[in-house]
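First residue of the sequence shown? That's 24 in my numbering, and the numbers climb one at a time after it. To start, the structure itself, in structure tokens.
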Amino acid sequence: MKFSLFVHMERWDEQVSHRQLFEDLTELTLMAENGGFSTVWIGEHHAMEYTISPSPMPLLAYLAARTEKIRLGAGTIIAPFWNPIRVAGECALLDVISKGRMEVGLARGAYQFEFDRMAGGMPATDGGKALREMVPVVRKLWEGDYAHDGEVYKFPTSTSVPKPYNAVPPMWIAARDPDSHNFAVANGCNVMVTPLMKGDEEVLDLKNKFQAALDNNPGVPRPQLMVLRHTHVHSPAEPDGWKVGAQAISRFYRTFDAWFGNKTTPVNGFLEPSPESKFAEVPAFELENIRKNTMIGTPQEIIARIKYYQALGVDEFSFWCDNSLPHAEKKKSLALFIKEVVPAFA
């Protein structure tokens, strides 16, 4: 079982500066590297303060210079917002800068809010077309001269400049539905999945979709499977410590709901979370269910659940630390995970 860190700068009010958030993200990354994590993952989001990352590339390039071993994951690049030539070139440059530590995750995108601003109002549901077309195109550009005349992208003969440090850097696909799993496996891509607020039964379902894709593509080398989970670890000496994480993740997903609903215009990048009353009768938002369904618990509780994932065939567990908590709480949780959980998988 490998461990990775999935992290963004989160800003919930104007009291914390963007510079401070940058320093905080760097500190968490250095902790993860020193704690034996394999990869740090940073995604892409636009015009929203609660998930700050207009491009993972400058952050990862900076972290390449601050780190020595940890791999640097763009997880994920939103395919409809990019040109394949730019994806190939920027990823290859990061690979050169980091001496081969780059990994790239590609996704179709989710927020209509972002599509309205970054893709001319394209329906978010159409993002998969760009994703499916981009994956083989980027690989061709890494190989050498290539011209493309597709449904989404068209360009004359071009190539990736620079070329990657490694001939074929690892590529990941964010997958949920069976078609996405099949596409990833058939195209030699690793698979990243997230159950969001759902429990381990969702992890099992996603793993079964991954297995079905393997069965549908005999002869294809088995790719890696990563599970991404909101994670909050608390000491057994603090029996109510789980509530800190559960309340924070509730706030995170009520904010997610507000952005995903795309019904209110943000003010300077901020959007109030949907009210608690909206979810009063929604079982998933009950604090006890958030505790059970996301990765919240004492080190021993966390270890038991990750061992279950390991038994399912999960290759990488990604500690998702976006949760609306202050940096000090995130740091405390990550430190406990590194000290108590990671050694159980050595």
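Virtual Cβ for every residue (Gly too), placed ideally from N, Cα, C.
Asked: DSSP three-state assignment for residue 141, whether helix, strand or coil; Found: helix
Asked: C-beta atoms of residue 205 and residue 239 nearer than 7 angstroms; Found: yes
Asked: Residue 324 to residue 153 span [Cα, whole Å]; Found: 40 angstroms
Asked: Rounded distance between the beta-carbons of residue 134 and residue 282, thought under 8 angstroms; Found: 6 angstroms
Asked: Cβ pair residue 329, residue 255 closer than 7 angstroms; Found: no
Asked: Those residues which DSSP pairs with residue 203 across a bridge; Found: Residue 203 is not bridged to any residue.
Asked: Touching by the beta-carbon criterion (3+ pairs, under 8 angstroms), the segment 301-311 and the segment 55-73; Found: no
Asked: 8 angstroms Cβ shell around residue 41 - same chain, five flanking residues per side excluded; Found: 32, 34 and 75
Asked: Simplified DSSP assignment, three categories, for residue 73; Found: coil
Asked: Environment of residue 273 [buried if 16+ CB atoms lie within 10 Å]; Found: buried
Asked: Any 3 or more C-beta pairs closer than 8 angstroms across the segment 277-296 and the segment 182-201; Found: no
Asked: Whole-Å CB distance - residue 248 paired with residue 230, under 8 angstroms assumed; Found: 7 angstroms
Asked: The alpha helix (DSSP H) enclosing residue 285, as first and last residue numbers; Found: No alpha helix (DSSP H) contains residue 285, which DSSP labels as neither H nor E.
Asked: Residue 214 (DSSP reduced to helix, strand or coil); Found: strand
Asked: CB contact flag (residue 226, residue 218, <7 angstroms); Found: yes
Asked: Endpoints, beta strand (DSSP E) assigned at residue 146; Found: Taken as a continuous stretch (DSSP letters only), residue 146 belongs to no beta strand (DSSP E), as it is neither H nor E.
Asked: Those runs of the beta strand (DSSP E) which lie wholly inside the segment 148-172 and span at least 3 residues; Found: 169-172
Asked: Option nearest residue 126 by Cα separation, candidates 364, 174 and 27; Found: 27
Asked: Neighbour-count burial assignment, residue 353, 16 or more Cβ in a 10 Å radius; Found: buried
Asked: As assigned by DSSP and simplified to three states, the class of residue 130; Found: strand
Asked: Identity of the residue in 356, 72 and 313 nearest residue 296 by Cα; Found: 72
Asked: Of the listed residues 251, 147 and 202, nearest to residue 338 (C-alpha basis); Found: 251
Asked: Outcome for residue 137 when other beta-carbon atoms lying within 10 angstroms are tallied against a minimum of 16; Found: buried
Asked: Entirely enclosed beta strand (DSSP E) segments - the segment 280-325, minimum 3 residues; Found: 318-320
Asked: Residue 268, buried or exposed, once every other Cβ within 10 Å from all chains shown has been counted against 16; Found: buried
Asked: Status (buried if at least 16 other CB within 10 Å, exposed otherwise) for residue 245; Found: exposed
Asked: Residue burial classification, residue 331 (beta-carbon count within 10 angstroms, cutoff 16); Found: exposed
Asked: Same chain, Cβ closer than 6 angstroms to residue 321, five either side skipped, listed in chain order; Found: 259
Asked: Cut-off 8 angstroms between Cβ atoms - residues of its own chain near residue 345, not counting five sequence neighbours on either side; Found: 29, 30, 31, 33, 74, 253 and 275
Asked: Cβ pair residue 56, residue 80 closer than 7 angstroms; Found: no
Asked: Straight-line Cα distance separating residue 201 from residue 236; Found: 7 angstroms
Asked: Simplified DSSP state of residue 98, which is helix, strand or coil; Found: strand
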